[in-house]
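Novice:
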Amino acid sequence: MPARKENEVVWHHATVTRERREALNRHKGVVVWFTGLSGAGKSTIAHETEERLHRLGCRTYVLDGDNVRHGLCSDLGFSAQDRRENIRRIGEMVKLFLDAGMIALTAFISPFRSDREWVRSLVGKDHFIEIYCRCPLEVCKQRDVKGMYERASRGEIKEFTGISAPYEEPVQPELVLETHLLSLEDCVAQVVSLLQRREIFTEA
Ligand code: ADP
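So this is what it looks like as structure tokens:
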């Protein structure tokens, strides 16, 4: 396919703005970005937080690693380059969710600091809440939710984060959840209270 010239694509401005959508939703749009090792609890906490927010009347959506890789990113593998492209596409997608005035919760290992920072700058730092699910590798291995660590340790999965691929911890995340020490309920309560402090929504 020939490369498209810049001037062939013109951004169409909607009359229904993000501010108007947020007013209708009665909460702000934000990206809640969970990061951490496989099995650290990103998915579980993201979905449970969504459940809480949904019951409070918020418009939410969880973007989950495996689900995205079945569709939007099904052509990508796990090399550093593909992981970067994976996060780039997800970043562009969450930006649209943000424009829709929604609360997007993402559960991706997203191992590279620079990729996460790229999304932060793409959506704007005030709308990006990075939550580090910190859990020792040993505990993640014991949990081995999907049997992936077992397979990775047998060498069946190449470039598996924590085993044969790196994970770069966030430097200044908005929140750290020690998921091996806290209950799921406590983790969710911390996320919800952070969103309230940030005035993303006010409890009715
Ligand atoms: P990830 O999405 O990071 O790969 P998952 O959410 O799929 O991780 O799995 C985390 C596992 O850890 C689940 O089996 C969950 O029940 C368990 N778990 C134990 N304590 C917690 C906690 N405080 N928060 C989240 N998950 C927890």
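Residue numbering for the sequence shown follows my numbering, starting at 963 and increasing by one per position.
Just so it is clear, CB atoms sit at the ideal spot from N, CA and C, and this is done for glycine as well.
DSSP three-state call for residue 1106: helix, strand or coil?
Specialist: coil
Novice: Looking at C-beta atoms only, is the number of pairs between the segment 1023-1030 and the segment 1044-1060 that lie closer than 8 Å three or more?
Specialist: These segments touch.
Novice: Under a three-way DSSP split, which group does residue 1096 fall into?
Specialist: strand
Novice: Cα separation between residue 1160 and residue 1048?
Specialist: Their backbone Cα atoms lie some 28 Å apart in a straight line.
Novice: Using 8 Å for Cβ pairs, my map puts residue 1026 next to residue 1069. What's the rounded Cβ distance?
Specialist: 5 Å
Novice: Does the ligand ADP have even one heavy atom less than 7 Å from the beta-carbon of residue 1133?
Specialist: no
Novice: Shortest alpha-carbon distance to residue 1153 belongs to which of 1132, 975, 977, 1007?
Specialist: 1007
Novice: So what does DSSP say about residue 996, is it helix, strand or coil?
Specialist: In the structure shown, residue 996 adopts extended strand secondary structure according to DSSP, grouped into three states.
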